[in-house]
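Going line by line, the protein sequences match chains A and B. Residues 1 to 150 (my numbering) are what the first sequence spells out, left to right. Residues 151 to 300 (my numbering) are what the second sequence spells out, left to right. Glycine residues also receive a C-beta, built at the ideal position from the N, C-alpha and C atoms.
2 protein chains.
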Amino acid sequence: MHPSSEHTEWASALRAHGRRVTKQRLAVLDAVEAHPHSPADAILAAARDELPDITPQSVYVVLGDLTDLGMLRRFEPPHSPALYETRVGDNHHHAICSACGRVEDVDCAVGHAPCLTPSDTHGMTIMIADVTYVGICADCAAKGAPAPTA
Amino acid sequence: MHPSSEHTEWASALRAHGRRVTKQRLAVLDAVEAHPHSPADAILAAARDELPDITPQSVYVVLGDLTDLGMLRRFEPPHSPALYETRVGDNHHHAICSACGRVEDVDCAVGHAPCLTPSDTHGMTIMIADVTYVGICADCAAKGAPAPTA
DNA sequence: GCCTTATTGTGAACTTGTCAAAATAAGTGC
DNA sequence: GCACTTATTTTGACAAGTTCACAATAAGGC
Numbered sequence: 001m002h003p004s005s006e007h008t009e010w011a012s013a014l015r016a017h018g019r020r021v022t023k024q025r026l027a028v029l030d031a032v033e034a035h036p037h038s039p040a041d042a043i044l045a046a047a048r049d050e051l052p053d054i055t056p057q058s059v060y061v062v063l064g065d066l067t068d069l070g071m072l073r074r075f076e077p078p079h080s081p082a083l084y085e086t087r088v089g090d091n092h093h094h095a096i097c098s099a100c101g102r103v104e105d106v107d108c109a110v111g112h113a114p115c116l117t118p119s120d121t122h123g124m125t126i127m128i129a130d131v132t133y134v135g136i137c138a139d140c141a142a143k144g145a146p147a148p149t150a
Numbered sequence: 151m152h153p154s155s156e157h158t159e160w161a162s163a164l165r166a167h168g169r170r171v172t173k174q175r176l177a178v179l180d181a182v183e184a185h186p187h188s189p190a191d192a193i194l195a196a197a198r199d200e201l202p203d204i205t206p207q208s209v210y211v212v213l214g215d216l217t218d219l220g221m222l223r224r225f226e227p228p229h230s231p232a233l234y235e236t237r238v239g240d241n242h243h244h245a246i247c248s249a250c251g252r253v254e255d256v257d258c259a260v261g262h263a264p265c266l267t268p269s270d271t272h273g274m275t276i277m278i279a280d281v282t283y284v285g286i287c288a289d290c291a292a293k294g295a296p297a298p299t300a
């Protein structure tokens with residue numbers, strides 16, 4: 001899974017979605033892969049390691065497009081800019097430390113389609129269940145971090 | 151449950167939290183109560199029915215403070231400003247129609263503490279589970295609204 | 001009623017993200 | 001390999017939503 005083979009895989013996926021394979025898209029995909037749960041500005045910084053001249057706007061456009069395509073997943077924690085990751089296709093959830101902001105992936109205990117059967121959806125057809133856990137991570141608890149204001 | 155009795159209840163709650171009882175706080179609480187799942191600007195408009203001179207900044211300050219106090223609950227759906235409601239204390243979830251944006255409260259099928267036991271929290275102590283369902287409401291489905299892009 | 005201090009109002013600024021139009025480059029056919 | 005077409009990126013401005021510092025006001029205690 002060295003860079004070039006990842007590039008090959010992503011190039012195929014991009015073509016499969018009818019998209020051209022550009023340095024910018026590959027740089028963004030590499031950046032998100034290397035820094036999961038990162039906001040757009042961190043992805044910009046990471047992408048610039050590979051492609052120094054990429055612009056913020058391109059990162060926004062690429063992230064938005066690839067998210068619509070389903071190649072990236074976006075989630076928006078409270079009081080935080082949107083975060084992106086390459087892990088798509090399962091519907092895992094996220095646990096966020098309210099003290100330090102770290103984010104961990106969480107597989108749902110119920111199986112692969114958690115919480116998609118709430119008691120009463122008022123007639124809605126549910127397509128996505130977005131679950132965010134907020135708590136205190138082990139490191140912050142050890143440092144005596146206070147409970148969040150809620 | 152006419153306005154004056156609600157005002158009395160809220161006044162008590164505010165005092166219990168060490169807050170002064172102001173027209174602005176009561177107007178915001180009335181507005182949120184009357185318009186659940188509303189963003190700050192809608193709450194401003196509603197609060198002005200009761201207190202025409204209240205300013206946007208006051209609404210933001212009051213909403214933020216009352217949310218920290220636990221008298222209001224805030225949630226932030228994707229691609230939407232923050233929404234507020236007075237229903238707190240249970241951990242109900244929200245279903246959002248991706249076509250028209252309507253929001254419904256959803257009690258979790260599992261009981262009163264849903265999804266608080268994910269499979270692996272990486273050592274985090276979970277305090278809140280924020281669950282958002284996205285789908286198509288019955289009305290929009292009847293009108294033939296398309297499925298969302300993701 | 002007066003005083004103290006929390007609260008609100010004023011006005012500006014900031015962050016995140018979006019848009020329109022010009023410049024560039026990926027893919028296609030020759 | 002070269003030219004062409006059109007997607008993609010860049011440029012630069014802009015917008016929504018929210019927050020901040022500080023002055024003005026008013027709630028609660030005496």
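Under 7 angstroms from the C-beta of residue i: neighbouring residues of chain A
i: E226 (chain B); result: E76 and P78
i: D215 (chain B); result: Near D215 (chain B) there are no residues of chain A at all, since even the closest Cβ is about 10 angstroms away, more than 7 angstroms.
i: T282 (chain B); result: D130
Closest Cα partner of residue i within the set the options
i: T236 (chain B); options: B:V178, B:S162 and B:D199; result: B:V178
i: I128 (chain A); options: B:H157, B:P189, B:A195 and B:C247; result: B:C247
i: A95 (chain A); options: B:M274, B:D218, B:H244 and B:A196; result: B:M274
i: S188 (chain B); options: B:Y283, B:V281, B:R252 and B:I276; result: B:R252
Nonlocal neighbours in the same chain, by C-beta distance under 8 angstroms from residue i, ignoring five residues either side
i: E9 (chain A); result: none
i: V238 (chain B); result: G220, M221, L222 and R223
i: A184 (chain B); result: A196
Interface partners of residue i on chain B, CB under 8 angstroms
i: I136 (chain A); result: M274, T275 and M277
Rounded straight-line distance, which links the Cα of residue j to that of residue i
i: A142 (chain A); j: D41 (chain A); result: 30 angstroms
i: G18 (chain A); j: H229 (chain B); result: 26 angstroms
i: G135 (chain A); j: H272 (chain B); result: 11 angstroms
i: A113 (chain A); j: Y84 (chain A); result: The predicted model places A113 (chain A) with a pLDDT of 47, which falls under 50 and marks its position as unreliable, so this point remains unresolved.
i: Q57 (chain A); j: L66 (chain A); result: 14 angstroms
i: C250 (chain B); j: V211 (chain B); result: 29 angstroms
i: C137 (chain A); j: D107 (chain A); result: 16 angstroms
i: G64 (chain A); j: P36 (chain A); result: 16 angstroms
i: R165 (chain B); j: A181 (chain B); result: 20 angstroms
i: V131 (chain A); j: H93 (chain A); result: 5 angstroms
i: S5 (chain A); j: I43 (chain A); result: 21 angstroms
i: D90 (chain A); j: Y133 (chain A); result: 17 angstroms
i: D218 (chain B); j: H157 (chain B); result: 20 angstroms
i: I126 (chain A); j: L176 (chain B); result: 36 angstroms
Residues near residue i by beta carbon distance below 7 angstroms, same chain, minus five either side
i: A161 (chain B); result: V171
i: R198 (chain B); result: I204
i: Q174 (chain B); result: L201, I204, S208 and V212
i: A13 (chain A); result: M71
i: C290 (chain B); result: C247, A249 and C250
Residues that residue i contacts on chain B, provided the C-beta gap is smaller than 7 angstroms
i: C97 (chain A); result: M274
i: A141 (chain A); result: T275
Cut-off 6 angstroms between Cβ atoms - residues of its own chain near residue i, not counting five sequence neighbours on either side
i: A82 (chain A); result: R74 and E76
i: D255 (chain B); result: H242
Q) Going along the region 158-169 of chain B in order, which residues come within less than 7 angstroms of chain A, judged by CB to CB distance? A) Residues: none.
Q | Near-chain A residues of the region 179-193 of chain B (beta-carbon distance less than 8 angstroms), N- to C-terminal order | A | Contact annotation: in the region 179-193 of chain B, no residue has its CB less than 8 angstroms from a CB in chain A.
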